[in-house]
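A short write-up of the structure that comes next.
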Amino acid sequence: MNAVSCTGVRHSFGRTVAVDDLDLEVAPGEVFGLLGPNGAGKTTTIRMITTLLPAPPGAIRVFGTDVAREKLAVRRLVGYVPQQLSADATLTGRENVALFARLFDVPRAARAEQVGSVLGAVGLLEVADRRAATYSGGMIRRLELAQALVSTPRLLVLDEPTIGLDPIARAGVWERIGQVRADTGMTVLVTTHHMAEAEQNCDRIALMHRGRITAIGSPAELRAEVGEHASLEDVFRARTGGDLTEDTSKGIRDVRATRRTARRLG
Ligand SMILES: Nc1ncnc2c1ncn2[C@@H]1O[C@H](COP(=O)(O)OP(=O)(O)OP(=O)(O)O)[C@@H](O)[C@H]1O
Numbered sequence: 001m002n003a004v005s006c007t008g009v010r011h012s013f014g015r016t017v018a019v020d021d022l023d024l025e026v027a028p029g030e031v032f033g034l035l036g037p038n039g040a041g042k043t044t045t046i047r048m049i050t051t052l053l054p055a056p057p058g059a060i061r062v063f064g065t066d067v068a069r070e071k072l073a074v075r076r077l078v079g080y081v082p083q084q085l086s087a088d089a090t091l092t093g094r095e096n097v098a099l100f101a102r103l104f105d106v107p108r109a110a111r112a113e114q115v116g117s118v119l120g121a122v123g124l125l126e127v128a129d130r131r132a133a134t135y136s137g138g139m140i141r142r143l144e145l146a147q148a149l150v151s152t153p154r155l156l157v158l159d160e161p162t163i164g165l166d167p168i169a170r171a172g173v174w175e176r177i178g179q180v181r182a183d184t185g186m187t188v189l190v191t192t193h194h195m196a197e198a199e200q201n202c203d204r205i206a207l208m209h210r211g212r213i214t215a216i217g218s219p220a221e222l223r224a225e226v227g228e229h230a231s232l233e234d235v236f237r238a239r240t241g242g243d244l245t246e247d248t249s250k251g252i253r254d255v256r257a258t259r260r261t262a263r264r265l266g
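What follows is the structure, given as structure tokens:
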């Protein structure tokens with residue numbers, strides 16, 4: 001059974017077709033990257049998979065469970081780290097994770113141990129009782145990872161997990177994702193703009209362009225299809241016909257989001 005299966009998925013915002021007849025299968029245990037220019041439809045796809053946007057019945061299944069018909073059951077299977085900040089700066093790291101443990105019905109008797117365990121897994125145990133306002137950008141992202149992991153999801157969904165972070169913090173976030181995946185066999189679905197990160201960390205990649213998937217395969221397969229010495233950037237250009245900022249209105253939204261992140265963390 002696939003971890004995620006999408007068949008003929010569409011979503012429009014008014015007259016804008018954000019996702020257009022999308023077919024996608026993510027195998028259990030793989031790290032799957034969704035890449036594409038701004039406005040390609042990646043976040044919309046992820047928001048349908050995580051039940052935050054409506055999807056037509058039968059179109060999307062998470063471990064066989066229909067996203068439209070069994071929304072709550074799907075939510076129990078999924079841990080989601082959105083692009084926008086979800087940690088509360090006024091709470092400590094531990095309090096932030098404990099809040100998610102309560103929200104996701106982690107049994108009361110197991111809560112404290114589970115919260116400590118995921119804080120340990122993301123390397124934040126020593127600073128767990130400091131307010132999140134004192135954390136660096138990379139630490140905040142790892143805290144959000146802990147929030148998503150506390151309910152032991154089978155599918156971890158990350159929307160631009162390293163946006164606005166410096167290279168060292170980015171590597172730190174990926175290291176933790178890799179470790180959790182190795183320890184638990186969890187499936188990871190991630191969007192990113194960083195080609196090098198996708199190449200290094202994803203088993204398979206789908207390139208999205210104007211709401212459709214234009215190429216899918218392992219990084220090596222995608223490169224081989226374009227040319228002997230092709231980089232993933234070459235693949236991106238060949239399959240999306242553009243650069244990373246195709247939709248300028250969304251570009252501005254993104255820059256704002258990144259700045260908000262920076263301000264809040266600084
Ligand atoms: N809430 C919304 N209302 C109206 N249009 C939207 C909304 N959200 C997204 N869109 C539009 O839908 C299209 C797909 O957007 P989406 O956010 O899914 O792209 P994306 O690939 O995730 O982009 P990014 O890399 O910038 O996050 C874009 O044209 C975008 O402007």
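Residue 265 in UniProt numbering is what sits at position 265 of the sequence shown, and the numbering runs on without skipping anything.
Cβ atoms here follow ideal geometry from the backbone N, Cα and C, with glycine treated the same way.
As the structure is a prediction and not an experimental result, all values here were calculated from the model.
Residue 159 and residue 210 have their C-alpha atoms spaced approximately 18 Å apart. For residue 43, the enclosing alpha helix (DSSP H) covers residues 42-49. Rounded to whole angstroms, residue 202 and residue 3 show a C-alpha spacing of 15 Å. Per DSSP, the beta-bridge partners of residue 24 are 6. The Cβ neighbour count for residue 172, taken over all protein chains shown within 10 Å, is at least 16; the residue is labelled buried. Short of 8 Å from the beta carbon of residue 20, and not among the five residues preceding or following it, lie these beta carbons of its own chain, in chain order: 10, 41, 210, 211, 212. The alpha carbon of residue 83 has as its nearest neighbour, out of 7, 105, 162, 26, the alpha carbon of 162. DSSP places residue 93 in the helix class (H, G or I) of the three-state scheme.
In its chain, beyond the 5 residues on either side, 201 have a beta carbon closer than 6 Å to the beta carbon of residue 174. Each of 45, 16, 14, 88 was checked against the Cα of residue 24, and the nearest Cα belongs to 45. From the listed residues 72, 7, 148, the smallest Cα separation to residue 180 is found for 148. Following the DSSP letters along the chain, one finds residue 166 in no alpha helix (DSSP H), marked with neither H nor E.
Per the C-alpha coordinates, the member of 34, 33, 64, 16 positioned closest to residue 5 is 64.
With a threshold of 6 Å, the Cβ atom of residue 240 does not count as near ligand 1, since no heavy atom of the ligand is closer than that. With distances taken between CA atoms, residue 7 lies nearest to 58 out of 187, 234, 58, 237. The beta carbons of residue 138 and residue 169 sit about 3 Å from each other, so the pair counts as a contact at 8 Å.
Residue side-chain check: residue 192 keeps its Cβ at 6 Å or more from all non-hydrogen atoms of ligand 1. Under the three-pair Cβ rule at 8 Å, the segment 117-131 counts as touching the segment 90-97.
A distance below 6 Å between beta-carbons, with the five flanking residues on each side excluded, links residue 146 to the following residues of its chain, in chain order: 97, 118, 119, 122. For the pair residue 125 and residue 78, the CB atoms are not nearer than the 7 Å cut-off. Within its own chain, the residues whose Cβ lies closer than 7 Å to the Cβ of residue 51, once the five positions on either side in sequence are excluded, are 67, 71, 74, 75, listed in chain order.
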